[in-house]
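Going down the list, the protein sequences come from chains G and E. So our numbering is basically just the index in the first sequence, starting at one, shifted up by 143. So our numbering is basically just the index in the second sequence, starting at one, shifted up by 972. Using N, Cα and C, we set each Cβ at its ideal position, and we do this for glycine too. A quick note: this is a predicted structure, and the numbers were derived from the prediction, not measured.
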Amino acid sequence: MLPFVEFKPNRVAEGDPFHLWGLGLTWEPWLLAAIVAAALLLALSGEGPRVRAAKVAVGSALFAATLLVALRAGAILVTEATPFGRVGPISGFWIAALASFLIVEGSLRTASWNPMIKGAIRVLPLAIATGALASGALDSFAMVQEYINRADRFSQELTTHLRLAAVAVMAAVVIGVPLGIVAWKRRLLERPVFTLVNTIQTVPSLALFGLMIAPLALLSRQFPLLRAMGVQGIGAAPALIALTLYALLPIVRNTYTSLSVIPNAVIEAGNGMGMSRRQLLRFVEAPLSVPIILSGIRTSVVQAIGNTTVAALIGAGGLGVFVFQGLGQAAPDLIVMGVIPIILLAVLIDRGMAVLIGLVTPPGLRKDTL
Amino acid sequence: MIEFSCVTKHYGDITAVDSVSFRVEDGQVCVLIGPSGCGKTTTLKMVNRMLDASSGEISINGRNVSELAAEQLRRGIGYVIQSVGLLPHMNVRDNIAIVQRLKRVDRRQRYRRADELLELIGLDPEQYRLKHPHELSGGEAQRIGVARALAADPPILLMDEPFGAVDPLNREVLQTEFLRLQRALKKTVLFVTHDLDEAIRLGDTVILMKDGQIVQHDSPERILAAPRNQFVRDFVGADRALKRLSCFPVEGYIREAQQIAQQDAASFSNGGRGPDSVVWVYGADRALVGMLQRSSSGYKVITLKPEEVGVVPLSSMKEALSRLLGQGIRAVPVLDQRNCVIGEVRLPDIEELNQAVL
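In structure tokens form, the structure reads like this:
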């Protein structure tokens, strides 16, 4: 088996890998092995609601056991003799965690259970991990130590990160929705609009951020008013512009699509029964297109959360700060500490948007979208 | 009354409708028919100003439609299209009530009216009012489309190939239902179709169009019996004798039928009637279950499915004939809504009707 955790006497030292049975634990590795064996057995035993339920249970147990072993390892390896020592999960741990996720998610996806129960099963591992974190049991973990050293900075960068992404997406909605409508109404503009937003999307994010610097610096020098507003070559202004440009494509595309999928017959019927322009919008176009536009915004937000990471490079701040610090200091634990919250944010916002979209989708359309 | 005087519609250099004049009297069904591209749909769409005429005048009860606000005009005219166009995000009840919603009728009244209309078109309100369009069959959706057009009780209906996308069997059912509704509601209807049988069956008058002009405007019987020129003759086709049967509803040719309860069938003796007569057998609720047939050992009961053999009073004689031929029997039972036999149509009557014309 692959090494499960590593031990480092201090932050920059090379880690010593430990295998599952090399940790001096008694029953815990056997428990983990038994669960893995059960999972393999289930994988071979076909389909059916019972098998599915068993898979979800085994998958969840796998996660709990993995975490437990890592916790025990932390307690054994970090002693008073090594005050700067820290443990870090490595390949074995990550593979076990990933396997648990795949097993649970794979069976949940096809299960026809109550959405509330599904949601609870999905949140459970997060809750366990958060509980372990809050209780201090994970303090010997490298990432957690990195966090403890930077708690204040962390919450500040988290806020910056969220604010950058939110403002950028809002701006993209304000620009993108009308752009999508125009592209639909004026067929001549369809091609130029899509060429533009598609091209923006193909520029590597790092390059786009870099490209913003020169023109904005120039503007800032030419117009004192802009400078007074805080517009300069580096910092929040170029980051926001670049992030907004990136967020455009899904919004423009989905707005356009949402209008193009409304059947002509429905529009004709609406006109034929005497709907005014505004009534057509209210009774026909808006209810049919808003859910699709929202799912475009959903894609944009998730993307923006990820892209904002890179914004740290041009001095805009955000969780990317830790990632690049970690890169600079060759401290992978710091990188992971920055990356995990970014992933969690993206996933949480994605789920939240999914719920919102479910709420605004009229019952007659739900079948198609789910 | 809808009146067209010298109405022309140009699209660029193309003349879609060329100086057309005709009139649809109150309570009448006027069917526009012709090959595709003949201008029939364009003609229809100018009535509710989905299209505006290039020249000429269209008036409804003496008022020129071009002087009315298009939206107000349309709310007073029922409009049914082939693709139905139900709003997919609304349930059946809200779809039917939509025009009244535009007219700001309050919700209770709208919903009551929607239930009334569901009853009228023969769909159970309990079962249908909360369904969504994707749960309906093509025929059901089209009926809801008709109900929606009728919701605000407009005096005029425009129907643009309303049954064109429905399979032939269902189309006949929908046509029968349309005739029943029209008899009760007496709307002024302008109806577009490319199906001659449909035109003959439903129209009080039929207008045959070609290249934007009216070729013949006549009663269905006259179109079949006296085609004005070669074009009409070709359009009507060689089987016009058969088509003519579509003009006549069964109700004018119902003969008294002999019937007997199921439990008495075993002891039935011929009772002196000739060999041509058919004896229908009814079961519980007096609904048709079969017919009595002579065999070597007396009589036996042959089971029949009412929906396969029976016709209703508003069915056409053509339908009665096709049932006769399909089942290989000498008469078809005429049924009421509970499948009780109210009479029969006999082959000699159909033959006689057919020969009377030609």
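Identity of the residue in the options nearest residue i by Cα
i        : options                                   : result
G1011(E) : D1183(E), P1192(E) and N1311(E)           : D1183(E)
S432(G)  : L392(G), T398(G) and A382(G)              : T398(G)
V1178(E) : D990(E), I986(E), F994(E) and R1046(E)    : F994(E)
V409(G)  : S1109(E), E1144(E), T1275(E) and N1067(E) : N1067(E)
L986(E)  : E997(E), T1014(E) and I1093(E)            : Here residue 986(E) turns out to be Ile, not Leu, going by the sequence shown. The shortest C-alpha separation from I986(E) is found at T1014(E).
G1255(E) : Q1231(E), L1168(E) and V1208(E)           : Q1231(E)
G417(G)  : Q1000(E), A1124(E) and A1119(E)           : A1124(E)
I238(G)  : R296(G), A489(G) and P146(G)              : P146(G)
G1171(E) : V1064(E), S1288(E) and K1272(E)           : A small fix is needed here, since residue 1171(E) is Ala in this sequence, not Gly. The option with the nearest alpha carbon to A1171(E) is S1288(E).
Q1234(E) : L1214(E), K1272(E), C1219(E) and Y1225(E) : K1272(E)
Y1051(E) : D1236(E), A1198(E) and N1020(E)           : N1020(E)
A1042(E) : G415(G), V427(G) and I486(G)              : G415(G)
R1046(E) : G439(G), G461(G), A473(G) and E411(G)     : E411(G)
L1004(E) : M1263(E), V1187(E), R1216(E) and R1152(E) : V1187(E)
I384(G)  : V427(G), S438(G), V310(G) and F426(G)     : V310(G)
T1160(E) : L1217(E), Y1083(E), L1325(E) and Q1000(E) : Q1000(E)
Inter-residue CB distance, residue i and residue j (contact presumed, cutoff 8 Å)
i        : j        : result
S977(E)  : G1028(E) : 6 Å
V212(G)  : E171(G)  : 5 Å
A275(G)  : L281(G)  : 5 Å
F297(G)  : L456(G)  : The Cβ separation is near 19 Å, so there is no contact.
D1257(E) : R1194(E) : Wrong, their Cβ atoms sit about 43 Å apart, outside the cutoff.
P1305(E) : W1252(E) : 6 Å
V1222(E) : R1302(E) : The pair is not a contact, with the Cβ atoms about 16 Å apart (cut-off 8 Å).
G469(G)  : I478(G)  : 4 Å
Residue i versus residue j: straight-line alpha-carbon distance, rounded
i        : j        : result
N450(G)  : I394(G)  : 16 Å
V1261(E) : P1285(E) : 19 Å
Q375(G)  : V336(G)  : 28 Å
R1101(E) : D1190(E) : 41 Å
L210(G)  : R494(G)  : 24 Å
V1203(E) : N1036(E) : In the sequence as displayed, the identity of residue 1203(E) is Phe instead of Val. Cα to Cα, the separation comes out at about 33 Å.
M1181(E) : P1007(E) : 8 Å
V1283(E) : E1316(E) : 9 Å
V1077(E) : I1070(E) : 10 Å
L301(G)  : R293(G)  : 12 Å
P347(G)  : A180(G)  : 44 Å
V312(G)  : L368(G)  : 25 Å
A988(E)  : V503(G)  : 44 Å
G319(G)  : I500(G)  : 18 Å
D476(G)  : Q365(G)  : 43 Å
L1089(E) : M1062(E) : 17 Å
A1259(E) : L1074(E) : 45 Å
D998(E)  : E1279(E) : 35 Å
P1097(E) : P1126(E) : 22 Å
A429(G)  : I324(G)  : 12 Å
Cβ shell of residue i (< 6 Å), same chain only, five flanking positions each side left out
i        : result
S1031(E) : E975
I1053(E) : D1132
S250(G)  : R195, K198 and V199
I536(G)  : For residue 536(G) there is no data in the structure shown, the boundaries of chain G being 144 and 513.
A379(G)  : A459
A326(G)  : L332, E333, V336 and Y399
M496(G)  : R441
I405(G)  : L431
D1308(E) : I1314
In DSSP terms, what residue i is bridged to
i        : result
D980(E)  : Per the sequence shown, the amino acid found at residue 980(E) is Thr instead of Asp. Note: T980(E) sits in a beta bridge opposite S1027(E).
C1002(E) : L1162(E) and T1177(E)
P1221(E) : S1288(E)
T987(E)  : H982(E)
V996(E)  : I974(E)
L1307(E) : V1313(E)
N1036(E) : S1031(E)
I1053(E) : D1132(E)
Q1230(E) : V1251(E)
Contacts around residue i, its chain only, beta-carbon distance under 8 Å, and the 5 residues preceding and following it disregarded
i        : result
G1110(E) : A1137, V1138, D1139 and N1142
P506(G)  : none
V979(E)  : V989, S991, V992, S993, T1015, M1018, A1025, S1027, G1028, E1029 and I1030
E1107(E) : none
F161(G)  : P146, F147, V148, E149, F150, A216 and L220
Nonlocal neighbours in the same chain, by C-beta distance under 7 Å from residue i, ignoring five residues either side
i        : result
A1113(E) : V1056, L1058 and P1105
M480(G)  : M286, E289, Y290 and F465
A315(G)  : T387, A390, L391, I394 and S443
K1103(E) : N1063 and V1064
A240(G)  : F206 and T209
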